[in-house]
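Chemist:
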Amino acid sequence: MLEVKALCAGYDQGDVLHALDLSVRAGEIVCLIGANGAGKSSTMRAIVGLLRPLRGEILLNGVRVEAATPDRIVAAGCALVPEGRRVFAPMSVAENLEMGAYQRLKRGERDEVARDREFVLNLFPRLEERLEQPAGTLSGGEQQMLAIGRALMARPSLLLLDEPSMGLAPLVVKDIFRTIADLNQAGATVLLAEQNASAALKIAERAYVLAEGRIARSGSAADLKHDPTVRETYLGV
Amino acid sequence: MDPQTQLLQLLFAGVSTGSIYGIIAVGFNVIFKSTGAINFTQGEWVMIGGMLSAFFFVSFDSPIWVACAAAVLCIGVLGVLSERFVIEPLRNPSPVTLTLVTIGLAIVTKSGVMLTLGKNPAGYPGFSGETPIMIAGASLHPQTVWIIVVAALFMLAVHFFFERTLTGKAMRAAAADREVAVLMGVRVRHATMMAFAIAALAGGVAGAIITPLTFTSYDHGTVLGFKGFSAAMLGGVGNLYGAMVGGLLLGILESLAGGYISSQFKDAVAFMVLLGILFFRPTGLFGHKEIEKV
């Protein structure tokens, strides 16, 4: 589904990702864990085309996309739920969902989009109660539901979630992670970047540990949960 | 003229001028929402609206409405070309850079009109003649009715575009969060081009409908732009509906000041309103403070 090979990327201040290799197979939940500034968000941004790689390859369903613009990567089936939720605050919940399906609506897929909206509203019934409410007035948890719902409206083959637990109450985090696991059960492929390593490792099949823009460790989530370094550094055990 | 009739007369004039300011303010707001910049070319587009309509009317002896429609279309195209050749080549410009660039664009536009269409004032008759309409003793130029009707229709069209069409919603999304709009597959550069087209059309419409009442010349744009900017600030910059209310309020205030104090005092009203807003309520009447979580 997704293959990242020797990816290097950075900003004006210098490189932040150094020869990164990772892969996500269809139907998996793979998580990227690491401290703040380890390069998790930069990896996500590079995959969706917001951060242009300096070197390396990104293959989505076998097609190289490292030089593609974000709209083409979205069209190729990749959707990102950005860090900090970033819903379109002045627009209503319904309009936010509509924007998630922007490219599909432009292609005229009105009926399919309506069905997917029903699916999202069934997944997050709280959103249905607030359809006409400006998204900026929702609670943090509701905004996260909306951000995930908006990404699902693109009907992505690969869903990227960047720090979905950030700033949310523990109970809400539990709900959000349960939803991610449910979506995966229903067939979604997920790449999850998360500082809350214990929550992420619970639902993931495999994980990569990032440190200073490099893959420090990788393996099955079960193995990493018992890795002494991971336990000490990221799980606080 | 008795006081009530005089008041009515002034209100008619105020609503008519205010509708023009409102349309210009909408132009300012559309570009502000899309780029964060204040577009100082807006007033020049109003001026060209009048100048080109007069040029088409005189040169091709065409019906007034055809001349005006052609002029408005040309200005829409001019807006697109301005964005493509002046704004688009700037890679990720800051709002301040963009604002400064539009000042240069305004000077070039004004000079271009002076060199091609001349320095003489231009005008043409009202859309439905010059015979005044009498309402409760107040005399109303028929063009005033056209101005109010066209302004209302323009606002409805803008409202429909931004609230009901996918492209309009995508432009609002890009204004709210440019990067996330990109993630939705919105081509934000295209959205900026659309914003310039709509703002230019707004300028063209305003110029085409006001010229029968005021005449125009190559140097009229700056003052009109300034009045529209004051109206946008009064309503709350970035607020499309505030723009129309701000325009109407400014037009009425200006008309009342001109009627009851002195016509020479009229232009000072916009400056006073702008200063008052900047000092006491910089978010405008309908704007709200933006709180950013860090």
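The listed protein sequences derive, respectively, from chains A and B. 8 is the number of the first residue of the first sequence in this note's numbering; add one for each residue after it. 764 is the number of the first residue of the second sequence in this note's numbering; add one for each residue after it. Yeah, the Cβ is synthetic: ideal placement off N, Cα and C, and Gly gets one too. This structure is a prediction, so every number in the text was calculated from the model and none was measured.
Go ahead and label A:HIS233 buried or exposed: buried means 16 or more other beta carbons lie within 10 angstroms of its beta carbon, across all protein chains shown.
Modeler: exposed
Chemist: Compute the distance between the beta-carbons of A:PRO310 and A:SER99, then report whether it is under 8 Å.
Modeler: No answer is possible for residue 310 of chain A: the residues shown for chain A start at 8 and end at 244.
Chemist: DSSP on B:SER1026, reduced to helix/strand/coil?
Modeler: helix
Chemist: At 7 Å on the CB atoms, spell out the chain B contacts of A:GLU102, in chain order.
Modeler: LYS932
Chemist: Would you tell me roughly how many angstroms separate the C-alpha atoms of B:LEU1041 and B:GLY966, rounded to the nearest one?
Modeler: Here the C-alpha atom of B:LEU1041 lies approximately 24 Å from the C-alpha atom of B:GLY966.
Chemist: Give me the DSSP bridge partner(s) of A:GLY226.
Modeler: A:ALA214.
Chemist: Does A:LEU165 get closer than 8 Å to chain B when you measure Cβ to Cβ?
Modeler: no
Chemist: Is any non-hydrogen atom of the ligand MG found closer than 7 Å to the C-beta of A:PRO132, if you look at the structure I gave you?
Modeler: Judged by which ligands are present, the structure shown has none, so any question about the ligand MG falls away.
Chemist: Please report the straight-line C-alpha distance between B:PHE819 and B:ILE896, rounded to a whole angstrom.
Modeler: 28 Å
Chemist: Run down chain A in chain order and give the residues with a C-beta less than 8 Å from the C-beta of B:VAL949.
Modeler: ASP78, MET106 and TYR109
Chemist: Quick one: Cα of A:GLN151 to Cα of A:PRO97, how far?
Modeler: Those two C-alpha atoms are separated by around 16 Å.
Chemist: Along the stretch 52-82 of chain A, what residues have a CB closer than 7 Å to any CB found in chain B?
Modeler: VAL55, LEU57, PRO77, ASP78, VAL81 and ALA82
Chemist: Does A:PRO141 come within less than 8 Å of chain B when only Cβ atoms are used?
Modeler: no
Chemist: How is A:ASP78 classed by DSSP in three states: helix, strand or coil?
Modeler: helix
Chemist: Show which residues of chain A have a CB atom less than 7 Å away from the CB atom of B:GLU942.
Modeler: LEU57
Chemist: A:ARG62 lies in the beta strand (DSSP E); which residues open and close that run?
Modeler: 62-67
Chemist: If you draw a straight line from the alpha carbon of A:ARG303 to that of A:ALA204, how long is it in whole angstroms?
Modeler: The first residue shown for chain A is 8 and the last is 244, placing residue 303 of chain A beyond what the model contains.
Chemist: Any Cβ of chain B within less than 8 Å of the Cβ of A:MET8?
Modeler: no
Chemist: Assign B:MET764 to one of two classes, buried (16 or more other C-beta atoms within 10 Å of its C-beta) or exposed (fewer than that).
Modeler: Exposed: under 16 other Cβ atoms inside 10 Å.
Chemist: Give me whichever residues DSSP pairs with A:TYR18 in a beta bridge.
Modeler: DSSP output for A:TYR18 lists A:GLY21 as bridge partner(s).
Chemist: Please tell me whether B:GLY1047 and B:GLY1009 are closer than 8 Å, where the distance is taken between their beta carbons.
Modeler: yes
Chemist: Taking 6 Å as the limit between beta carbons, can you name the residues of its chain near B:VAL1032, skipping five residues before and five after?
Modeler: Excluding sequence neighbours, B:VAL1032 sits near LEU1016, GLU1017 and ALA1020.
Chemist: From the DSSP output, read off the bridge partner residues of A:LYS181.
Modeler: Note: A:LYS181 sits in no beta bridge, so no partner.
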